[in-house]
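Working notes, structure below.
Protein chains in written order, with the numbering used here: chain A, 1 to 238; chain Z, 1001 to 1132.
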């Protein structure tokens, strides 16, 4: 009985869920390393799954969990601002390819948004779900902020973005072989524009050039999407 | 040392959020803050090492920061039940189309550039032979 009472008070103590989140992530990271960086065991997805299982088993409502884990969530804002640093470093690298990069980025970034919206409608997804899909190719903090601001479901976006990145990392090599695209710059750009951070990590496995261009494309597509997406949605019939 | 960089990040986020609200921009505050910091860094031709260190540290654990929001998936039961199956083809097809469009556009642009450069080199050579 005493144990139950102690546990009951712990369940609502914010620090417990902060700790659970941190431990779940450490465990997921360890599993990811042990598996030899198996993309399907991406630590973010594994940590989310672990915590959902714990919360369902202990019958903890999500708001109780979130009031504890909010501390990590709050840091998302400054971390998003911090993305300016790698963006700046990458920008310095590629002045010479300005026009090809700008055109490909515009085509790829807009294709990512429009294809998600068109296919979403074709497959009968509701409007909030379509809005959650639209920024799925950009890095998670930017995508979540956009979904939140534009009427999507931020938790859905967070998961979709990561799954998109994982699938992108898996299909890039066979897809590029099929399209007969052999250039490192082209492959890096495709990874960064379509599959953000997870894609960039995959790019660095392929080659340094691929990774560098992927990182650049990821940063610029985050900027492009955050400017273009609100404009597209304002004119998109729904 | 850590605190300085952290304060700069929070300051830019606050400026971004204030600008987003005051100017009624559809851009989220932190994203606007990121853009402003990038412009600031270009303007000053560099990033303060104290800021760079904190940024690197935070981005190293970026994944952890999505977890609390991602767990919110458990509140979306009805949405997932009704539309979960339709989400998969949307995700996969949109991803493949986006990757292909980006890679093919870049290849076309690079090829065009190579052709142009070659033409320039050729015409310069011809010009020289004319002179001789």
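Even for Gly, the Cβ is constructed at its ideal location relative to N, Cα and C.
In this structure, the straight-line span from the alpha carbon of residue 59 of chain A to that of residue 188 of chain A is close to 44 Å. If you look at residue 107 of chain A, you'll find it in the alpha helix (DSSP H) that goes 98-122. DSSP, reduced to helix, strand and coil, places residue 182 of chain A outside both helices and strands of the structure shown, so it counts as coil. Going by DSSP, residue 1031 of chain Z is part of the alpha helix (DSSP H) stretching over 1029-1043.
For the segment 140-162 of chain A, the set of positions with a beta-carbon nearer than 9 Å to some beta-carbon of chain Z reads 140, 141, 142, 144, 145, 146, 148, 149, 150, 153, 154, 155, 156, 157, 158, 159, 160, 161 and 162 in chain order.
The C-beta distance from residue 145 of chain A to residue 1031 of chain Z rounds to 6 Å, short enough to meet the 8 Å contact threshold. Taking C-alpha positions only, residue 54 of chain A is separated from residue 1112 of chain Z by approximately 55 Å.
At a beta-carbon threshold of 9 Å, the residues of chain A lying near residue 1033 of chain Z are 77, 78, 80, 81 and 84, ordered along the chain. It is roughly 31 Å from the alpha-carbon of residue 130 of chain A to the alpha-carbon of residue 29 of chain A. At a cut-off of 9 Å between C-beta atoms, residue 91 of chain A counts as an interface residue with respect to chain Z. Taken in chain order, the complete alpha helix (DSSP H) segments of 4 residues or longer contained in the segment 150-179 of chain A are 154-179. Judged by DSSP in its simplified three-state form, residue 207 of chain A adopts coil rather than helix or strand.
Of all residues in the segment 30-50 of chain A, the ones placed with a Cβ closer than 7 Å to any Cβ belonging to chain Z are 43, 44, 47 and 48, in chain order. Using a Cβ-Cβ cut-off of 9 Å, residue 1069 of chain Z counts as an interface residue toward chain A, since at least one Cβ of chain A sits closer than that to its own. Within the segment 1087-1111 of chain Z, contact with chain A at the beta-carbon level (separation under 8 Å) is assigned to 1087, 1089, 1090, 1091, 1092, 1093, 1094, 1095, 1096, 1097, 1098, 1099, 1100, 1101, 1102, 1103, 1104, 1105, 1106, 1107, 1109 and 1110.
For residue 82 of chain A, the enclosing alpha helix (DSSP H) begins and ends at 76-82. Counting only the Cα atoms, residue 202 of chain A lies some 25 Å from residue 154 of chain A.
Ranked by how close their Cα comes to the Cα of residue 164 of chain A, the residues A/56, A/226, A/199 and A/238 have A/199 in first place. The way I'd put it, the segment 166-182 of chain A does touch the segment 33-46 of chain A; three or more beta-carbon pairs between them come closer than 8 Å.
At the C-beta level, residue 1109 of chain Z and residue 190 of chain A stay beyond 9 Å of one another.
Cβ contact annotation for residue 226 of chain A (same chain, cutoff 7 Å, sequence separation greater than five): 142 and 146, in chain order. The three-state secondary structure of residue 127 of chain A, taken from DSSP, is helix.
Annotation: residue 13 of chain A is outside any alpha helix (DSSP H) and is labelled neither H nor E by DSSP.
Taking the Cα of residue 222 of chain A as reference, the smallest distance to any Cα among A/206, A/204, A/83 and A/133 is reached at A/83. Judged by DSSP in its simplified three-state form, residue 60 of chain A adopts coil rather than helix or strand. By the criterion of a C-beta distance shorter than 7 Å, residue 1004 of chain Z is surrounded in its chain by 1050, once the five residues flanking it on both sides are discounted. For residue 113 of chain A against residue 229 of chain A, the beta-carbon gap comes to about 6 Å, under 8 Å, which counts as contact. The C-alpha of residue 102 of chain A lies about 10 Å from the C-alpha of residue 224 of chain A. At a cut-off of 9 Å between beta-carbon atoms, residue 1075 of chain Z makes contact with chain A. DSSP places residue 1061 of chain Z in the coil class of the three-state scheme, outside both helix and strand.
Taking a C-beta distance under 9 Å as the contact criterion, residue 212 of chain A and residue 193 of chain A do not qualify as a contact pair. The residue among A/184, A/27, A/195 and A/121 with its C-alpha nearest the C-alpha of residue 210 of chain A is A/184. Note that the C-beta distance between residue 49 of chain A and residue 137 of chain A is not below 9 Å. Taking every protein chain shown into account, the CB of residue 186 of chain A has 16 or more other CB atoms within 10 angstroms, so this residue is buried.
Taking C-alpha positions only, residue 1014 of chain Z is separated from residue 133 of chain A by approximately 27 Å.
For residue 1010 of chain Z, the enclosing alpha helix (DSSP H) begins and ends at 1002-1022.
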